[in-house]
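Enquirer: Once you've had a glance at the structure underneath, I'll fire off some questions.
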Amino acid sequence: MHKGLRLIVLGAVIAALSGCSSTSRVRSTAPPALQPVIDQAIDLLGTSYCNAGTTPDCFDCSGFVSFCFASNGIALPRVSAEMYRTGSVVERTNLQGGDLVFFSLSGGRINHVGIALNDKQFIHSSSSKGVSIAPFSDAYWSPKYVGACRVK
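Numbering-wise, the sequence shown is residues -15 to 136 according to the working numbering.
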């Protein structure tokens, strides 16, 4: 009888924990109007990267950002450098979820974009990891950060 009770309890614990994931620990500071964009982005975690990708089959960085915003009725330019001119400039210390964040991977020009989740993390499609979350403090990304803008 005790063995049966233990199995029931163990089964209940496993069932409860199976609903947990690392994405449930992501804290977004997005305003209510942009929370659906963040939710869309998080739903796409793990999607693979491909050059010029614009669909959930695979994304490049700007295709991913464009898709998340367009799915929620917000049109953005297709190219990261053009996205940078879309909204109002936001200082690094004032980032909130839904802000576009920009990086220069080479040549001093903007050539990578992601979506801030909060002032500590962003979500993006990288060539090495696909759609993933990275901290702004990451040794690779931090020195490449160029700036951010807030889409209206």
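The beta-carbon is built from N, C-alpha and C at its ideal position, and this holds for glycine as well.
1. So that I know if they touch, is there some Cβ in chain B lying closer than 7 Å to that of Q19?
2. When DSSP labels each residue in this structure, what does C34 get in the three-state scheme?
3. Do the stretch 57 to 67 and the stretch 109 to 121 touch if we need at least three Cβ pairs shorter than 8 Å?
4. Please state if the CB of A25 and the CB of C52 are separated by a distance shorter than 7 Å.
5. What does the alpha-carbon distance come out to for the pair K128 and I22?
6. Using the Cα positions of T31 and P20, report the straight-line distance between them to the nearest angstrom.
7. Got a sec, what are the start and stop residues for the alpha helix (DSSP H) G131 sits in?
8. What distance in whole Å lies between the Cβ atoms of C34 and D44, which are believed to be in contact at a cut-off of 8 Å?
9. Hey, how far is the Cα of G81 from the Cα of I94?
10. Report the residue from S116, Q105, A123, G131 whose alpha carbon sits nearest the alpha carbon of R11.
Expert: The answer reads as follows:
1. Given the protein chain composition of this structure (a single chain), no chain B is represented.
2. coil
3. no
4. yes
5. 23 Å
6. 18 Å
7. Note, G131: premise wrong, no alpha helix (DSSP H); beta strand (DSSP E) at 129 to 134.
8. 7 Å
9. 20 Å
10. Q105
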